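Visitor: Numbering (this note's numbering), first residue to last: 7 to 184.
Each residue gets a CB set at the ideal place from its N, CA and C atoms; glycine is no exception.
Model, not experiment: these values are computed from the prediction.
Before I ask anything, let me first share the structure, which is written out below as structure tokens.
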């Protein structure tokens, strides 16, 4: 599910996303230690997905195989399917033993209580084993309506980074990159 062009070397760094990019570099140097979880937020089309996928790809390049990137809707769908098919144990084993979990569009968990509880326990299990959690969303955790306070707290426990719209110089660099 990773786009080929979503790599760190193709990510155009500017003032608006410098903190997010630096945090990504630190997470890659010290996974599970610095900024865990790393929570990126900002408007649509600002590079959150690109950076999340690029970090995941880089972990793969570094030799990590117990990892997964997916949109939140896929996590929700897979969990509901596991409930229906009575395969929750396998679902938990598949996710909770990961070393890196990257979930995009976290706002999709709003209002889905059982999925939120499963995500909370999954994030905790990965963290307790020294794994890294990466998240992206349109808004910061505190502004996620319909999300349990405990999950908001967990998301905020690492580093929450706003990705702002790029300045003109960065926009030009992005256009040249494509």
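Determine the burial state of residue 12: buried for a count of at least 16 other Cβ atoms within 10 Å of its Cβ, exposed for fewer.
Guide: For this step, residue 12 is matched to residue 6 along the chain shown. Buried, since its Cβ has 16 or more Cβ neighbours within 10 Å.
Visitor: Per DSSP, what kind of secondary structure is residue 35 in: helix, strand or coil?
Guide: Position 29 of the chain shown holds residue 35. In the structure shown, residue 35 sits in a helix (DSSP, three-state: H, G or I).
Visitor: From this set, 29, 78, 145 and 98, which residue's C-alpha is nearest residue 49's C-alpha?
Guide: Translated into positions along the chain shown, residue 49 becomes position 43. For the residues 29, 78, 145 and 98, the minimum Cα distance to residue 49 belongs to 145.
Visitor: Tell whether a beta-carbon distance below 8 Å holds between residue 183 and residue 18.
Guide: Residue numbering aside, residue 183 sits at position 177 when the chain shown is read from its first letter. Residue numbering aside, residue 18 sits at position 12 when the chain shown is read from its first letter. Yes, the Cβ-Cβ distance between residue 183 and residue 18 is below 8 Å.
Visitor: Can residue 58 and residue 46 be called in contact, C-beta distance under 8 Å?
Guide: The residue given as residue 58 occupies position 52 in the chain shown. The residue given as residue 46 occupies position 40 in the chain shown. Yes, the Cβ-Cβ distance between residue 58 and residue 46 is below 8 Å.
Visitor: With H, G and I counted as helix, E and B as strand and the rest as coil, what does DSSP make of residue 17?
Guide: Within the chain shown, residue 17 is the residue found at index 11, counting from 1. Residue state, collapsed to three classes: coil.
Visitor: What are the boundary residues of the beta strand (DSSP E) that includes residue 138?
Guide: Walking along the chain shown from the start, residue 138 turns up at place 132. Unbroken beta strand (DSSP E) run through residue 138: 138-143.
Visitor: Near residue 8, which residues of its chain fall below 7 Å by C-beta distance, leaving aside the five closest residues on each side in sequence?
Guide: Here residue 8 refers to the residue found at position 2 of the chain shown. Taken in chain order, the residues that qualify are 59, 62, 63 and 75.
Visitor: Does the segment 147-160 touch the segment 102-117, meaning 3 or more C-beta pairs lie closer than 8 Å?
Guide: Touching, per the Cβ criterion.
Visitor: Taking 8 Å as the threshold (C-beta atoms), are residue 164 and residue 43 in contact?
Guide: Numbered from its first residue, the chain shown carries residue 43 at position 37. Numbered from its first residue, the chain shown carries residue 164 at position 158. Yes; because the gap between Cβ atoms is below 8 Å, this pair is in contact.
Visitor: Does the distance from the C-beta atom of residue 97 to that of residue 121 stay below 8 Å?
Guide: Stepping through the chain shown from its first residue, residue 97 is reached at position 91. Stepping through the chain shown from its first residue, residue 121 is reached at position 115. Contact: no.
Visitor: Under the rule that 16 or more other beta-carbon atoms within 10 Å means buried, what is residue 128, buried or exposed?
Guide: Locating residue 128 in the chain shown gives position 122, counting from the first residue. Residue 128 is buried by the Cβ-count criterion.
Visitor: To the nearest angstrom, how far is the alpha carbon of residue 5 from that of residue 142?
Guide: The requested residue 5 does not occur in the structure, where the chain is confined to residues 7 to 184.
Visitor: Classify residue 147 as helix, strand or coil using the three-state DSSP reduction.
Guide: Along the chain shown, read from residue 1 onward, the residue named residue 147 stands at position 141. In this structure, residue 147 counts as helix in the three-state DSSP scheme.
Visitor: For residue 112, which three-state DSSP category applies?
Guide: Position 106 of the chain shown, counted from the first residue, corresponds to residue 112. If DSSP states are grouped into helix, strand and coil, residue 112 belongs with the helices.
Visitor: Could you tell me the distance, in whole angstroms, from the CA atom of residue 133 to the CA atom of residue 31?
Guide: The count along the chain shown starts at 1 and reaches residue 133 at position 127. The count along the chain shown starts at 1 and reaches residue 31 at position 25. Cα to Cα, residue 133 sits roughly 19 Å from residue 31.
Visitor: Hey, could you find the ends of the beta strand (DSSP E) residue 95 is sitting in?
Guide: Here residue 95 refers to the residue found at position 89 when the chain shown is read from its first residue. No beta strand (DSSP E) holds residue 95; the alpha helix (DSSP H) holding it covers 94-102.
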